[in-house]
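Residue numbers (this note's numbering), protein chains in the order written: chain A, 1 to 324; chain B, 1 to 324. We put the beta carbon where it would ideally sit given N, CA and C, even for glycine.
There are 2 protein chains.
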Amino acid sequence: VNSPSYFLQKVEQAIEELDLTGRPAELYDPVRYMMQLGGKRIRPVMVLLANDLFGGGTEDALPAALGIEVFHNFTLLHDDIMDKAPLRRSKPTIHVKWNPDIAILSGDTMFVRSCQLISGVNEKYLKKVLDLFYKTAIQVCEGQQLDMNFENMGSVSIAEYIHMISLKTAVLVGASLAIGSICGGAKEEDTEHIYEFGKNLGIAFQLHDDLLDVYADQAKFGKQVGGDILSNKKTFLLLTAVEFSNQSDRAELMTWMNKKEYDQDEKLSSVIKIYNKNEVKERTEKEMEKYYNLAIRNLNSISVDQESKKMLSDLAQQLMIREK
Amino acid sequence: VNSPSYFLQKVEQAIEELDLTGRPAELYDPVRYMMQLGGKRIRPVMVLLANDLFGGGTEDALPAALGIEVFHNFTLLHDDIMDKAPLRRSKPTIHVKWNPDIAILSGDTMFVRSCQLISGVNEKYLKKVLDLFYKTAIQVCEGQQLDMNFENMGSVSIAEYIHMISLKTAVLVGASLAIGSICGGAKEEDTEHIYEFGKNLGIAFQLHDDLLDVYADQAKFGKQVGGDILSNKKTFLLLTAVEFSNQSDRAELMTWMNKKEYDQDEKLSSVIKIYNKNEVKERTEKEMEKYYNLAIRNLNSISVDQESKKMLSDLAQQLMIREK
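As structure tokens, then:
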């Protein structure tokens, strides 16, 4: 079995060689720009790792791996329009650098390209792979819509939040691993286990992301620490604070969220103080560990020798201690 | 062989029965709204007619027919955002009735649903159908981007215009017929002929659309006659007028296009006067006939008895004399 870094190199090279040219330039320049912004490339690496685990050759799963990465970047592109995000990986977003119409249409084009790439899998697995891919794509849309709905909702329960991040983030991690497994010829049961492994890991990953926003070391973190707090984003941390704090803490949180003008550092330190008082960090870590442990149990259920699974368990562990 | 009206009924019923429910409602309400706005359903009917022509059963091609119609409506939905269109079939557009974010995301969802439906074809034709569908979807995006580019271009040649409508409109008509044929078990060569028939017919259809905007009978026409003239849309008529008129007519056209404030009826009658003087109607009809005749030649090349093709040639003829 090969390592994540080996597959990362394969993925980076394949993205480099991917033909994303065409006319008119207004449509394809943003597509290449988006794909060249970089990123951790976790999902395509997972496709290849899972495929390798079941004895598939890299070439069997590379088109699907690229398709998943192009699809993921398509969702980021359209999400950035909806979130009115000015920056993506410290660079101007497409709707800012070009315009929203071009962002919509080059996103649509990326989605079709992702379908084209995914349909490059071995024909005997095509229908199975497509069924899972399309189902997942629909769920990702549903997750994004729920996320947008949450912005306008007075209260969101922790269960609703976990459901939302399952759809928006976790199912694509599960599907990446499952699609890789299918391409590698895995048994139905093992594909299900690895899907659940990825889904639970994806939830833990997102909770870790929520944590990093507040508790990351600014020197190592790519974004502004506390960005979610300043934008009143309903993260697991905020929802936990609301759920477990007393009436006066809750009222103070609400006051900060409703303030139109404030000193950023003052808002941050006040909210974090409430978080700390209510053990929000520890509660989030506990939830994260819960899903991480579920994931490891799913991984253990796969009918492959434990030694071969080490690449996936190591990767899972790394994702839980990353600092950005 | 069955008639277009028989298949239209099949399509209408299948759209009625199509499951477009799901959560959250903000995502699926617009999808159902869009699909229930109606329309001529020409593309899915063509899928079924072509399938029937080669002896396929309706059930073999119905999923693909629905997929093509959902895809077509997805493109209308996203185009309406980009064109800032307030109305679609006399009803508020999705980005107006809901908002642009919901319009983007419910459009994305429709696109995935169209892929799901299309992948319901017989597995032995799946790869072939998908290859053509995805290629066509990319071309439709390219056509829409070209159309948007034209708005900001000083001059557009007639050749560029024909290329744009080929991509934006005609290839999907060709692909509808070709996909139906593939599902019906047509030979490669016949699939190519019917694709070209559809593509040429699609160009003629769009030229007829451009004509109707100016020369339709307002009592029978669904939209405001002259809408393209008032919005300075670079249609075949306008480009023909620019290409064939003398310097003074061209200058007058430019004056009308640059005027910010004007009397609508005065602008319409002045522009139409220039059109009439330069035989724009006749020139457009001539170009339309050219593509119509090419289409009929393509139809004649298909290796099926002429009698069976009558449904398609009748439909083609009807499309050329429609009044809305």
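- Task: Would you check if there are 3 or more beta carbon pairs closer than 8 Å linking the stretch 191-208 of chain B to the stretch 297-311 of chain B?
- Result: These segments touch.
- Message: So the candidates are A:A204, A:A170, A:V280 and A:S308; which of them puts its Cα closest to the Cα of A:Y215?
- Response: Distance check between A:Y215 and each of A:A204, A:A170, A:V280 and A:S308 places A:V280 closest, using alpha-carbon atoms only.
- Query: What's the C-alpha gap between B:N200 and B:Y292?
  - Reply: Taking the straight line from one Cα to the other gives about 6 Å.
- What does DSSP give as the partner residues of B:R88 in its beta bridges? B:K91, per the DSSP bridge assignment.
- Query: What are the start and end residues of the alpha helix (DSSP H) that includes A:I162?
  - Reply: For A:I162, the uninterrupted alpha helix (DSSP H) segment begins and ends at I158 to I165.
- Item | C-beta neighbour in chain B for A:D19, strict 7 Å | Not closer than 7 Å to any Cβ of chain B, the Cβ of A:D19 fails to qualify, so no.
- Evaluate A:T255 with the Cβ neighbour count: other Cβ atoms within 10 Å of its Cβ, from every protein chain shown; 16 or more gives buried, anything less gives exposed. Its Cβ having fewer than 16 others within 10 Å, A:T255 is exposed.
- Message: 7 Å is my cut-off, CB to CB: does B:V112 come that close to chain A?
- Response: Closer than 7 Å: yes.
- Message: Please report the straight-line C-alpha distance between B:I81 and A:F71, rounded to a whole angstrom.
- Response: Their backbone Cα atoms lie some 22 Å apart in a straight line.
- Neighbour flag for A:E26 against chain B, beta carbons, 7 Å: A:E26 has a beta carbon lying within less than 7 Å of a beta carbon in chain B.
- Message: Using the three-state DSSP reduction, which class does A:T284 fall into: helix, strand or coil?
- Response: Helix.
- Query: When we look at the beta-carbon of A:D228 and count the other beta-carbons within 10 Å, is it buried (16 or more) or exposed?
  - Reply: Flag for A:D228 reads buried.
- Message: How far does the alpha helix (DSSP H) with B:L26 in it extend, from its first residue to its last?
- Response: Here residue 26 of chain B is Glu; the residue named in the question, Leu, does not match the sequence. Boundaries of the alpha helix (DSSP H) harbouring B:E26: A25 to M35, taken from the DSSP string.
- Message: Need the endpoints of the alpha helix (DSSP H) that B:A61 sits in, please.
- Response: Looking at the DSSP string, the run of the alpha helix (DSSP H) that includes B:A61 is T58 to M82.
- How close, in whole Å, do the beta carbons of A:D209 and A:S303 come, if the pair is a contact with beta carbons under 8 Å? Between the beta-carbon of A:D209 and that of A:S303 there is about 32 Å, and that puts the pair past the 8 Å contact cut.
- Query: Is the number of C-beta pairs between the stretch 117-126 of chain A and the stretch 158-167 of chain A that are closer than 8 Å three or more?
  - Reply: Using a C-beta cut-off of 8 Å, the stretch 117-126 of chain A makes no contact with the stretch 158-167 of chain A, since fewer than three inter-stretch Cβ pairs fall below that distance.
- Which residues mark the beginning and the end of the alpha helix (DSSP H) in which A:Q218 is found? Note, A:Q218: premise wrong, no alpha helix (DSSP H); not H, not E.
- Exposed or buried, what is A:G90 when buried is set at 16 or more other beta-carbons lying within 10 Å of its beta-carbon? Reading off the sequence, residue 90 of chain A comes out as Ser, not Gly. It counts as exposed.
- Test: B:S119 CB closer than 7 Å to a CB of chain A: By this cut-off, B:S119 is an interface position.
- Message: For A:M288 and A:L177, which I take to be in contact (beta-carbon distance under 8 Å), what is that distance rounded to the nearest angstrom?
- Response: Between A:L177 and A:M288 the Cβ distance is about 19 Å, and since that is not below 8 Å, they are no contact.
- Near-chain A residues of the stretch 283-300 of chain B - C-beta to any C-beta below 7 Å: The stretch 283-300 of chain B vs chain A, Cβ under 7 Å: nothing.
- Is the beta carbon of A:Y275 sitting closer than 7 Å to the one on A:A241? Yes, they are a contact pair.
- Exposed unless 16 or more other CB atoms sit within 10 angstroms - verdict on A:K187: The Cβ neighbour count for A:K187, taken over all protein chains shown within 10 Å, is under 16; the residue is labelled exposed.
- Have a look at A:Q224, A:S245, A:Q264 and A:E252 and flag the residue whose alpha-carbon is nearest the alpha-carbon of A:K277. The candidate whose alpha carbon is nearest that of A:K277 is A:S245.
- Task: Note down, in chain order, each residue of its chain lying with its Cβ closer than 8 Å to the Cβ of B:I102, except the 5 sequence neighbours on either side.
- Result: The beta carbon of B:I102 sits closer than 8 Å to those of E26, L27, P30, I94 and H95, all from its chain and outside the five residues before and after it, given in chain order.
- Message: Once DSSP output is grouped into helix, strand and coil, what is the label at B:F205?
- Response: Note: B:F205 maps to helix in three-state DSSP.
- Item | B:F54 (DSSP reduced to helix, strand or coil) | Three-state result, B:F54: coil.
- A:I321: buried (16+ other C-beta within 10 angstroms of its C-beta) or exposed? It counts as exposed.
- Query: According to the neighbour-count rule (16 or more other Cβ atoms, all chains shown, within 10 Å of its Cβ), is A:P44 buried or exposed?
  - Reply: When all chains shown are included, A:P44 counts as buried.
- Closer than 7 Å to chain C by CB, A:T136: No chain C appears in the structure shown, which is made up of the protein chains A and B.
- Proximity below 7 Å, CB of A:F54 to CB of A:G198: Annotated as distal: A:F54 and A:G198, with beta-carbon spacing of 7 Å or more.
- Message: Cutting at 7 Å between CB atoms, please list the residues of its own chain near A:F7, excluding the five before and the five after it.
- Response: Within the same chain, Cβ atoms closer than 7 Å to the Cβ of A:F7 are found at V45, L48 and L49, the five residues on either side in sequence being excluded.
- Message: Can you give me the C-alpha to C-alpha distance between A:G22 and A:R250, rounded to a whole angstrom?
- Response: One alpha carbon belongs to A:G22, the other to A:R250, and they sit about 54 Å apart.
- Message: Is there a C-beta anywhere in chain B that falls below 7 Å from the one on A:Q145?
- Response: Yes, because at least one Cβ of chain B sits closer than 7 Å to the Cβ of A:Q145.
- Could you tell me which of B:L230, B:L294, B:E151 and B:F74 sits nearest to B:Y33, measuring between CA atoms? Comparing alpha-carbon positions, the option among B:L230, B:L294, B:E151 and B:F74 lying closest to B:Y33 turns out to be B:F74.
- Query: What separation, rounded to the nearest whole angstrom, lies between the Cα atoms of B:D325 and B:S308?
  - Reply: Given a span of 1 to 324 for chain B in the structure shown, any question on residue 325 of chain B remains unanswerable.
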